[in-house]
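Data first, discussion second: the structure below is written as structure tokens.
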Amino acid sequence: MFSSQTSCVLSQDMILEILSWLPVKDLLRFKCVSKGWNQLVSDPAFVKLHLQRSSKNTHMLLTFSDSLSYRTRHFAIVCPIQDLLENPSSTLETLHHKYLPFNRNYNVLGSCNGLVCLQDSSIDDEFEECWFRMGNPATRVMSNESPHIRINRSHYEYPFWLVYGFGYDEWSDTYQVVLLDNNKNKSQKLEVKVCSLGDNCWRNTLTCDAVPFLIGRRLRGICGSFVSGTLNWLAYPKSRAGDDERGGTKMNELEIFSYDLKKEICSYFCMPDEILEVSPVGAALEVLNGCLCLSHYHENDFVVWMKRDFKDEKSWSKLLNCKNYPSSCCCCPRYMDIICMRENDDVVLIADAGFESAFIWCNIRDNRMEGSEIYNDDKFNLSSYDYVHSLVLPYKI
1 MFSSQTSCVL
11 SQDMILEILS
21 WLPVKDLLRF
31 KCVSKGWNQL
41 VSDPAFVKLH
51 LQRSSKNTHM
61 LLTFSDSLSY
71 RTRHFAIVCP
81 IQDLLENPSS
91 TLETLHHKYL
101 PFNRNYNVLG
111 SCNGLVCLQD
121 SSIDDEFEEC
131 WFRMGNPATR
141 VMSNESPHIR
151 INRSHYEYPF
161 WLVYGFGYDE
171 WSDTYQVVLL
181 DNNKNKSQKL
191 EVKVCSLGDN
201 CWRNTLTCDA
211 VPFLIGRRLR
221 GICGSFVSGT
231 LNWLAYPKSR
241 AGDDERGGTK
251 MNELEIFSYD
261 LKKEICSYFC
271 MPDEILEVSP
281 VGAALEVLNG
291 CLCLSHYHEN
301 DFVVWMKRDF
311 KDEKSWSKLL
321 NCKNYPSSCC
331 CCPRYMDIIC
341 MRENDDVVLI
351 ADAGFESAFI
361 WCNIRDNRME
371 GSEIYNDDKF
381 NLSSYDYVHS
391 LVLPYKI
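Numbering of the sequence shown is given in UniProt numbering, commencing with residue 1 and proceeding in unit increments.
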């Protein structure tokens, strides 16, 4: 009888193939296996390959504030979508105690390919100085501060505010913070300023006519929605930009101002053809499963439109028209935010911070509310962002 021992040696290509499918948490542990593996996991080509193969629409970034400890604290936490859909209140409560709050009053501008963009500022009676940082929650790596911008607040007035956005230009492989310097000193001009990850200065990329933005609820109007290489904001029609005329603007008259990160040009596109002539109070743009969404109110109804093909003007479709919220749950539905959607597009979870703080399940197929669940009202300003676990570094190698 003969015995033999065989050993299997995997090729470098096979190792790369296997590692590219593993979760970020495992890959970070494997960096200590050898110098070669450490270099591989940080290699830009491997990072891109891993990002392409990472599971999409399984997690989301949830931001909120709380009023515990007699002061306002701000959080950004990564949540499994399935957990939120099944038990939103308990999931939020568990993660709330698991994560530490920001040590500063950051605003989250957006999330892209696993990077989260944070805005910070210092304010006095006359000036506001703002700057930005990018972080990767999965790897717990944070960038340095961007170049600072100093703003004289008296130079701006509503609706010509400064607005921001965060996105990724695939063509140049750059993550960009975009600032729209709008109607400074009543110039009637908008200047687009861009600072890419790793840059030491801001650069002007475009000058066009000033835009009367619809700021909407909380930060949703100030932060552009990133879809298909563009940043997008709701705006009043330029023909009705005067203070006396905007109050009569209807939803069907609004426009979407879009800035293309690659081409460095702006464009406008219209509301859905079938949208009603109702007040735009509470209207907002959001991103859900990679698609641009528009939400608004009509009496007691909450209406959501989705643009499934961003380049097709006619691709708007009504995702949800949830009717007649019961007064015990949503007597004043003016603070609704879409949190997440089930993968098969049949149920949407909405957070309502109106009269009572509640999560609401809405069935898309028959436009009805399936249930609601009250959550602790010490939490407020709930917002969500598409998120994917990645190895993307918040700095240039």
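Ideal Cβ positions, reconstructed from N, Cα and C, are used throughout, including at glycine.
Legend entry - Rounded separation between Asp366 and Val347 - CA only: Distance between Asp366 and Val347, taken at the CA atoms: about 10 Å.
Inset, instruction - Please state if the CB of Cys291 and the CB of Leu85 are separated by a distance shorter than 8 Å. - result: The answer is no: Cβ separation not under 8 Å.
Inset, instruction - If I'm right that Tyr99 touches Phe75 with Cβ under 8 Å, what's the distance once you round it to whole angstroms? - result: Rounded to whole angstroms, the Cβ separation of Tyr99 and Phe75 is 6 Å, and the two are in contact under 8 Å.
Inset, instruction - Would you check if the segment 124-144 and the segment 86-97 touch, i.e. whether three or more CB-CB distances between them fall below 8 Å? - result: Under the Cβ criterion (8 Å, minimum of three pairs), the segment 86-97 does not count as touching the segment 124-144.
Inset, instruction - Count the C-beta pairs between the segment 259-267 and the segment 168-183 that are closer than 8 Å, then say yes if the count reaches three, no if not. - result: Taking 8 Å as the limit for Cβ pairs, the verdict is that the segment 168-183 does touch the segment 259-267.
Inset, instruction - For the alpha helix (DSSP H) containing Arg342, list its first residue and its last residue. - result: Looking at the DSSP string, Arg342 is not in any alpha helix (DSSP H), and its letter there is neither H nor E.
Inset, instruction - Assign Ser228 to one of three DSSP states: helix, strand, or coil. - result: It is coil, neither helix nor strand.
Inset, instruction - Go ahead and pull the three-state DSSP assignment for Arg73. - result: Residue state for Arg73 is assigned as strand, using DSSP reduced to three classes.
Legend entry - Inter-residue Cα distance where the pair is Ser315 and Tyr375: One C-alpha to the other measures close to 35 Å.
Inset, instruction - Measure the alpha-carbon distance for Ser172 versus Asp120 and round it to whole angstroms. - result: It is roughly 26 Å from the alpha-carbon of Ser172 to the alpha-carbon of Asp120.
Legend entry - Minimum length 3: unbroken beta strand (DSSP E) runs contained in the segment 119-144: Fully enclosed beta strand (DSSP E) runs of 3 or longer: 127-136.
Legend entry - Euclidean distance between Cα positions of Glu370 and His389: Going from the Cα of Glu370 to the Cα of His389 covers about 30 Å.
Inset, instruction - Go through its chain and collect everything with a Cβ distance to Phe166's Cβ below 6 Å, but skip five positions before and after it. - result: Correct list, in chain order: Leu109, Gly110, Cys117 and Val177.
Inset, instruction - Reducing DSSP to helix, strand and coil, say where Asp352 ends up. - result: The answer is strand: DSSP assigns Asp352 an E or B state.
Legend entry - CA-to-CA distance, Ser154 to Asn185, given in whole angstroms: Using only the alpha carbons, I get a separation of about 8 Å.
Inset, instruction - Check whether the Cβ of Glu129 sits closer than 7 Å to any heavy atom of the ligand NAD, and report yes or no. - result: In the structure shown, the ligand NAD is absent, as is every other ligand, since no ligand is present at all.
Legend entry - With 16 other Cβ atoms within 10 Å as the buried cut-off, status of Leu320: Its Cβ being crowded by 16 or more others within 10 Å, Leu320 is buried.
Legend entry - Residues near Cys254 by beta carbon distance below 8 Å, same chain, minus five either side: Reading off the sequence shown, one finds Leu at residue 254, where the question assumed Cys. Here the set comprises Leu214, Leu234, Ala235, Tyr236, Pro237, Met271, Pro280 and Ala283.
Inset, instruction - Given a cut-off of 8 Å, decide if Thr174 and Val192 are closer than it, judged by their beta-carbon atoms. - result: Contact: no.
Legend entry - Nonlocal neighbours in the same chain, by C-beta distance under 6 Å from Asp26, ignoring five residues either side: Within the same chain, Asp26 has no close Cβ partners at all.
Inset, instruction - Specify the secondary structure class of Leu393 as computed by DSSP and reduced to three states. - result: In the three-state reduction of the DSSP assignment, Leu393 falls in the coil class, being assigned neither a helical nor a strand state.
Legend entry - 6 Å Cβ shell around Ser196 - same chain, five flanking residues per side excluded: Within the same chain, Ser196 has close Cβ partners Thr174 and Gln176.
Inset, instruction - Let me know if Ala353 comes out buried or exposed under the rule of 16 or more other beta-carbons within 10 Å of its beta-carbon. - result: Buried, by the Cβ-count rule.
Legend entry - Residues bridged to Gly371 [DSSP beta-bridge criterion]: Paired residue(s): Trp361.
Legend entry - Proximity of Tyr385 and Val78 at Cβ, strictly below 8 Å: Cβ atoms of Tyr385 and Val78: not closer than 8 Å.
Inset, instruction - Tell me, to the nearest whole angstrom, how far the beta carbon of Met336 is from that of Ser295; I am working on the premise that it is less than 8 Å. - result: Confirmed, Cβ separation roughly 7 Å.
Inset, instruction - Could you pull out every residue in the same chain whose Cβ sits closer than 6 Å to the Cβ of Cys208, ignoring the five residues on either side in sequence? - result: Answer for Cys208: Leu190 and Cys266, listed in chain order.
Legend entry - Start-end ranges of the alpha helix (DSSP H) lying completely within the segment 4-70, minimum 4 residues: Restricted to the segment 4-70, the alpha helix (DSSP H) segments that are unbroken, complete and at least 4 residues in length are 12-19, 24-30, 35-42 and 44-53, listed in chain order.
Legend entry - For Asn182, three-class secondary structure by DSSP: Three-state DSSP puts Asn182 in a strand.
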